[in-house]
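The block underneath contains the structure these notes are about, expressed in structure tokens.
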Amino acid sequence: NAALHLPAIAHECGIKFDLFDVAEIFKRTPYIADLKPGGRYVAKDLFEAGGIPLLMKTLLDHGFLHGDCLTVTGRTIAENMAKVKWNPDQDVVRPADNPITRTGGVVGLKGNLAPEGAIVKVAGMKNLKFSGPARCFNTEEACFEAVKERQYREGEVLVIRYEGPRGGPGMREMLATTAALYGQGMGDKVALITDGRFSGATRGFCIGHVGPEAQLGGPIGLLKDGDIITIDAEAGRLDTNVTVEELSRRKKDWKPREHGYGTGALWKYAQQVGPAVAGAVTHPGGSHESVCYADI
């Protein structure tokens, strides 16, 4: 979810920063916290080992944090970390120079199925490639019912669409379906892609933030059952075998889904919200402010 929240915060400050900037930071930041669902430990273990200060301390010591940044304490990160000592009698958090992996656990994807990008968590995954036929659903509820009744097959790519910022509206988490797949022991036997979100507790090939979203006529909204989808997290690709010409033909017959909110706050939100790649924000941002109220 940092790939959504950080661009939104940057937008508020008038800074251009999107999903791919987040993915680039993950690429050069070591994976050091051995936490579930991809690792061995839980939050309680992290707290007992030294907590977030321990994690920040080793990142700071090895050049992955800007120590001069001011924090809510009124002091800089470096000042906050000055009295924090490394705890060698634990293995919940690894030293930043001896990480679990040299890169972070999140990868940005792009391709003809996601021209505006998508994101996948790969922490703890052994296989970073997947290819299979699509099985499409226009709501999470429809996909969840199919999974509950086991109306899907091993090797398929389950597609949950019209759950993006506008299509939902609201871009909710697809938590029920991922939990059901894991409970059935199928978490690593199928892939799941959506223009909605996933929580940090996802397991297996779960790709979110696919853009443009289906509600705007993005390629994910033009897929049909049986279309082949190929995921390559090593190369950062998310593609379909459907040609550009065929996608163009399908788009002529496409119409956005009616989500049931014809008025009120959710209707207003759906008219204003922007793409997930830029944080799904609803206003022009800090760069368009005529007065900087923070300086008053």
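Just so we're aligned: the sequence shown equals residues 7 to 302 in my numbering. No residue lacks a Cβ here, since even glycine has one placed at the ideal position from N, Cα and C. Note that the structure is a prediction, hence the values are computed from the model and not measured.
- In the DSSP assignment, Glu-179 is bridged to Arg-203.
- In this structure the stretch 264 to 281 touches the stretch 166 to 182; the number of beta carbon pairs closer than 8 Å is three or more.
- As for any alpha helix (DSSP H) of minimum length 4 sitting wholly inside the stretch 248 to 302, the runs are 250 to 258, 270 to 278, ordered along the chain.
- Of the candidates Thr-145, Asp-238, Tyr-37, Arg-34, Thr-145 places its Cα closest to the Cα of Glu-219.
- When DSSP assignments are scanned along the stretch 208 to 255, the uninterrupted stretches of beta strand (DSSP E) that are 3 or more residues long and fall wholly within it turn out to be 211 to 217, 234 to 238, 243 to 246.
- Scanning the stretch 46 to 85 from its first residue to its last, the whole alpha helix (DSSP H) runs of 4-plus residues come out as 49 to 55, 57 to 67.
- The DSSP-derived three-state label of Cys-149 is helix.
- Ala-120 has Gly-117 as its beta-bridge partners, per DSSP.
- Within a 10 Å sphere around the beta-carbon of Arg-209 sit 16 or more other beta-carbons, which makes this residue buried.
- A residue is called buried when at least 16 other Cβ atoms come within 10 angstroms of its Cβ; Lys-230 does not meet this threshold and is exposed.
- As computed with DSSP, Cys-19 is found in no beta bridge at all.
- If you compare the alpha carbons of Lys-63, Gly-291, Ala-124 with that of Thr-82, the shortest gap goes to Lys-63.
- A check of alpha carbon separations from Asn-118 across Val-216, His-11, Lys-274, Gln-221 identifies Val-216 as the nearest.
- In terms of Cβ geometry, Gly-44 and Gly-114 do not form a close pair [threshold 8 Å].
- Leu-187 and Ala-140 have their C-alpha atoms roughly 16 Å apart.
- For the 8 Å CB-CB criterion, Val-98 and Ala-185 do not form a contact.
- Within the model, the alpha-carbon separation for Thr-107 versus Asp-67 is close to 18 Å.
- The beta carbon of Phe-26 lies closer than 7 Å to those of Gly-114, Gly-123 in the same chain, with the five residues before and after it left out.
- By the neighbour-count definition (other C-beta atoms within 10 Å, threshold 16), Leu-10 is a buried residue.
- Taking C-beta atoms as the reference points, Thr-200 and Gly-214 count as a pair closer than 8 Å.
- Judged by DSSP secondary structure, Arg-100 falls outside any alpha helix (DSSP H); it is assigned neither H nor E.
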